[in-house]
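Chemist: Before I ask anything, here is the structure I am working with.
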Amino acid sequence: MASRTRRFRRAAPRGSAAVKLRLDLIFLATCGLLLALLGYEHSSLEQQRRPSVYSTYDTGPNGYRALYGVLRAGGVPVQRFERDLGTLDPAIQTLIVTGYEHDSSAKPLDQHDAALLRRFVAAGGRFVAIDTEFAGPQDVTPGAGTSLQAPGGGDAIALVRNAYTAGAARASGSIDWIFPFNQSRGTPLLANNQGMVAVWYRYGRGEVVAITAPSLFGNAELRNADNLRFVYNAIANHGVAAFDEYVHGYDDRQTMWAALPGPVHAAVWLIVAIVGLALIGANVPFAPPYLPEPADERDSSAYIAAMAELMRRSRRRPPDDEVVWRAAIDFQRRKEHA
366 MASRTRRFRR AAPRGSAAVK LRLDLIFLAT CGLLLALLGY EHSSLEQQRR
416 PSVYSTYDTG PNGYRALYGV LRAGGVPVQR FERDLGTLDP AIQTLIVTGY
466 EHDSSAKPLD QHDAALLRRF VAAGGRFVAI DTEFAGPQDV TPGAGTSLQA
516 PGGGDAIALV RNAYTAGAAR ASGSIDWIFP FNQSRGTPLL ANNQGMVAVW
566 YRYGRGEVVA ITAPSLFGNA ELRNADNLRF VYNAIANHGV AAFDEYVHGY
616 DDRQTMWAAL PGPVHAAVWL IVAIVGLALI GANVPFAPPY LPEPADERDS
666 SAYIAAMAEL MRRSRRRPPD DEVVWRAAID FQRRKEHA
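Residue numbering for the sequence shown follows this note's numbering, starting at 366 and increasing by one per position.
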């Protein structure tokens with residue numbers, strides 16, 4: 366009985382430690398889940414506060430998600446291009462680049478990209494540049510003029526009748542930038558009373574369509590049939606078309622970790638730190654081991670010795686008390702010796 370009691374008492378601390386360890390794991394998992402949810406909520410709020418940009422992924426008022434869907438539904442072979450211009454597929458014959466000045470994740474085009482665009486157009490490609498600010502010779506658009514800010518000019522009307530303006534008489538929407546009439550190059554396609562809004566010109570064996578009002582083709586303005594018809598004509602009927610989404614920060618070679626927002630990164634690293642501290646605290650001792658006092662387990666010899674001591678101290682002890690006392694002492698000594 367004594368040995369079974371001793372085994373039971375030694376097993377109890379291990380059970381309590383296991384329960385405590387499970388509680389710690391549940392607590393860590395709950396904290397990690399809360400941190401991940403907070404990170405996701407923060408990233409969702411940041412996404413909602415992010416301004417709408419001229420990207421085919423954007424569903425805001427300025428986004429081109431609706432235009433991309435209409436082109437695909439109309440049978441236009443259109444796709445998204447999400448790599449550096451140096452890796453452009455030779456099968457792509459029409460490249461569309463939209464303005465990215467107000468895009469926080471933009472990857473601006475540089476002089477190397479400008480050289481690649483000139484080579485693309487000169488070899489027979491069609492380049493559709495939809496932006497507000499064109500910087501003339503310093504711009505990446507091959508042969509582009511210089512645009513000027515001129516708000517309040519009103520809607521743009523078609524100046525010529527050709528394949529680009531077929532079915533599009535008036536483009537309505539926000540027009541704040543124009544090409545001055547005295548900088549005319551090529552064929553003006555759309556214009557208002559302030560200047561030209563869209564021009565077309567040859568460059569090498571290819572062609573360029575430069576448009577200074579990107580909001581005309583955003584999700585909010587694409588309900589205008591003339592707006593849709595004009596941009597449809599500018600993109601369709603010239604082979605495979607591609608929207609450059611790399612300039613807006615999209616990269617199809619990007620890993621899942623790199624695509625996660627910063628708050629989620631912070632939450633993951635906090636979870637790793639908490640788990641690391643928990644593992645260190647559970648496996649690395651920081652103090653000498655605690656040895657509990659041995660259990661006070663008495664047997665019958667202790668009872669005999671106690672009774673003998675009481676009888677010896679009693680004034681009315683029987684004549685044979687010394688015999689009992691000596692027997693108890695002798696029994697205790699033999700036990701200790703054994």
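Backbone N, C-alpha and C define an ideal beta-carbon position, used for all residues, glycine too.
1) Can you grab the Cα-Cα spacing for the pair VAL633 / ALA647, in whole Å?
2) Count the CB pairs spanning the stretch 579 to 598 and the stretch 413 to 429 that are closer than 8 Å, and state whether there are at least three.
3) Nearest by alpha-carbon distance to ILE576: which of ALA660, TYR615, ASN602, TYR529 is it?
4) If you reduce the DSSP assignment to three classes, tell me which class GLN503 lands in.
5) Give the range of the alpha helix (DSSP H) segment to which ASP478 is assigned.
6) Helix, strand or coil for TYR566, going by three-state DSSP, please let me know.
7) Taking 8 Å as the limit between beta carbons, can you name the residues of its chain near MET366, skipping five residues before and five after?
8) I'd like to confirm the pairing. Which residues does DSSP put opposite ILE543 in its beta bridges?
9) If you run the structure through DSSP and keep just helix, strand and coil, what is GLN458?
10) Determine the contact status of GLY501 and ALA494, defining contact as a CB-CB distance below 8 Å.
11) Looking at the unbroken alpha helix (DSSP H) that takes in VAL572, where does it start and where does it end?
12) So, for GLN559: in the same chain, excluding its five sequence neighbours on each side, which residues have a beta-carbon less than 7 Å away from its beta-carbon?
13) Could you check if ILE391 is buried or exposed, using at least 16 other CB atoms within 10 Å of its CB as the buried criterion?
14) With 16 as the cutoff for other CB atoms within 10 Å, does PRO473 come out buried or exposed?
15) With a 10 Å radius around its C-beta and 16 neighbouring C-beta atoms as the bar for buried, classify PRO657 as buried or exposed.
16) Can you say whether PRO659 is buried or exposed, counting buried as having 16 or more other CB atoms within 10 angstroms of its CB?
17) Please report the distance separating the alpha-carbon of GLY570 from that of LEU482.
18) What does DSSP give as the partner residues of ARG535 in its beta bridges?
19) Do ALA578 and ILE540 count as a contact pair if the criterion is CB distance below 8 Å?
20) Hey, is the stretch 552 to 568 in contact with the stretch 465 to 472, meaning 3+ C-beta pairs nearer than 8 Å?
21) Going by beta-carbon coordinates alone, are PHE446 and ASP609 separated by less than 8 Å?
22) Could you check what DSSP says for PRO653 in three-state terms: helix, strand or coil?
23) Comparing C-alpha positions only, which one of ASP423, HIS477, GLN503, PRO507 sits nearest to ARG491?
24) Quick one: what does DSSP say VAL596 is sitting in, helix, strand or coil?
25) Quick one: Cα of ALA670 to Cα of PRO653, how far?
26) Which one or two residues does DSSP pair with THR552 in a beta bridge?
27) Around the C-beta of PHE546, are 16 or more other C-beta atoms found within 10 angstroms, so that it is buried, or is it exposed?
28) According to DSSP, is VAL640 helix, strand or coil?
29) Using DSSP's beta-bridge definition, name the partner residues of ASP609.
30) Check each candidate in GLU586, ASN598, ALA692, GLY604 and name the one with the smallest Cα separation from PRO426.
31) So, are the CB atoms of GLY532 and ARG484 less than 8 Å apart?
32) Could you check what DSSP says for ALA660 in three-state terms: helix, strand or coil?
33) Around the C-beta of ARG698, are 16 or more other C-beta atoms found within 10 angstroms, so that it is buried, or is it exposed?
Modeler: Let's see:
1) As a position in the sequence shown, residue 633 is number 268, starting the count at 1. As a position in the sequence shown, residue 647 is number 282, starting the count at 1. Roughly 21 Å between the two C-alpha positions.
2) Contact between the stretch 579 to 598 and the stretch 413 to 429 is present, with at least three C-beta pairs closer than 8 Å.
3) Stepping through the sequence shown from its first residue, residue 576 is reached at position 211. Nearest Cα to ILE576 within the set ALA660, TYR615, ASN602, TYR529: TYR529.
4) Start at 1 with the first residue of the sequence shown, and residue 503 comes out as number 138. Three-state result, GLN503: helix.
5) Indexing the sequence shown from 1 puts residue 478 at position 113. Start and end: 476 to 487.
6) As a working mapping, residue 566 is identified with position 201 in the sequence shown. Here TYR566 sits in strand by DSSP.
7) Numbered from 1 along the sequence shown, position 1 holds the residue referred to as residue 366. Note on MET366: pLDDT 42, under 50, position unreliable in the model; the coordinate value appears next. The beta carbon of MET366 lies closer than 8 Å to none in the same chain, with the five residues before and after it left out.
8) Counting from 1 along the sequence shown, the entry for residue 543 is found at position 178. According to DSSP, which records beta bridges pairwise, ILE543 is partnered with LEU513.
9) Residue 458 sits at position 93 when you count from the first residue of the sequence shown. Residue state for GLN458 is assigned as strand, using DSSP reduced to three classes.
10) Translated into positions along the sequence shown, residue 501 becomes position 136. Translated into positions along the sequence shown, residue 494 becomes position 129. No.
11) Counted from its first residue, the sequence shown places residue 572 at position 207. Just to set this straight, residue 572 is Glu in the shown sequence, not Val. That residue, GLU572, is in no alpha helix (DSSP H); its beta strand (DSSP E) goes 571 to 576.
12) Position 194 of the sequence shown, counting from 1, holds the residue named residue 559. Once the five neighbours on either side are set aside, the close Cβ partners of GLN559 are ALA515, GLY518, ILE543.
13) Working through the sequence shown from its first residue, we reach residue 391 at position 26. Burial check for ILE391: the Cβ neighbour count within 10 Å stays below 16, so the residue is exposed.
14) In the sequence shown, counting from the first residue as 1, residue 473 sits at position 108. In the assembly as shown, PRO473 is an exposed residue. Its beta-carbon has fewer than 16 other beta-carbons within 10 Å.
15) Start at 1 with the first residue of the sequence shown, and residue 657 comes out as number 292. Classification for PRO657: exposed.
16) Mapped onto the sequence shown, residue 659 falls at position 294. Here PRO659 is exposed: its Cβ has fewer than 16 other Cβ atoms, across all protein chains shown, within 10 Å.
17) As a working mapping, residue 570 is identified with position 205 in the sequence shown. As a working mapping, residue 482 is identified with position 117 in the sequence shown. Here the sequence assigns Arg to residue 570, which means Gly is not the residue at that position. Rounded to whole angstroms, ARG570 to LEU482 spans 13 Å at the Cα level.
18) Residue mapping note: residue 535 aligns to position 170 of the sequence shown, counting from 1. Answer is ILE522.
19) If you number the sequence shown from 1, residue 540 lands on position 175. If you number the sequence shown from 1, residue 578 lands on position 213. Between ILE540 and ALA578, the C-beta spacing is below 8 Å.
20) No, because fewer than three Cβ pairs between the stretch 552 to 568 and the stretch 465 to 472 fall closer than 8 Å, the two stretches do not touch.
21) One-based indexing of the sequence shown puts residue 446 at position 81. One-based indexing of the sequence shown puts residue 609 at position 244. Taking 8 Å as the cut-off, the beta carbon of PHE446 is found closer than this to the beta carbon of ASP609.
22) On the sequence shown, residue 653 is found 288 positions in, with the first residue counted as 1. Coil.
23) Reading the sequence shown from its first residue, position 126 is the one you call residue 491. Ranking the options by Cα distance to ARG491, first place goes to PRO507.
24) As a working note, residue 596 is residue 231 in the sequence shown. Three-state DSSP puts VAL596 in a helix.
25) The count along the sequence shown starts at 1 and reaches residue 670 at position 305. The count along the sequence shown starts at 1 and reaches residue 653 at position 288. In this structure, the alpha-carbon of ALA670 lies about 38 Å from that of PRO653.
26) Looking up residue 552 in the sequence shown gives position 187. Partner(s): TRP565.
27) Position 181 of the sequence shown holds residue 546. By the beta-carbon neighbour count (other beta carbons within 10 angstroms, threshold 16), PHE546 is exposed.
28) Mapped onto the sequence shown, residue 640 falls at position 275. Look at VAL640 here: in three-state DSSP terms it is helix.
29) Translated into the one-based positions of the sequence shown, residue 609 becomes position 244. Beta-bridge pairing links ASP609 to PHE446.
30) As a working note, residue 426 is residue 61 in the sequence shown. Residue GLU586 holds the alpha-carbon nearest to the alpha-carbon of PRO426 among GLU586, ASN598, ALA692, GLY604.
31) Here residue 532 corresponds to residue number 167 of the sequence shown, with the count starting at 1. Here residue 484 corresponds to residue number 119 of the sequence shown, with the count starting at 1. Contact: no.
32) In the sequence shown, counting from the first residue as 1, residue 660 sits at position 295. DSSP places ALA660 in coil when its eight states are reduced to three.
33) Against the sequence shown, residue 698 aligns to sequence position 333. The residue is exposed, with fewer than 16 neighbouring Cβ atoms inside 10 Å.
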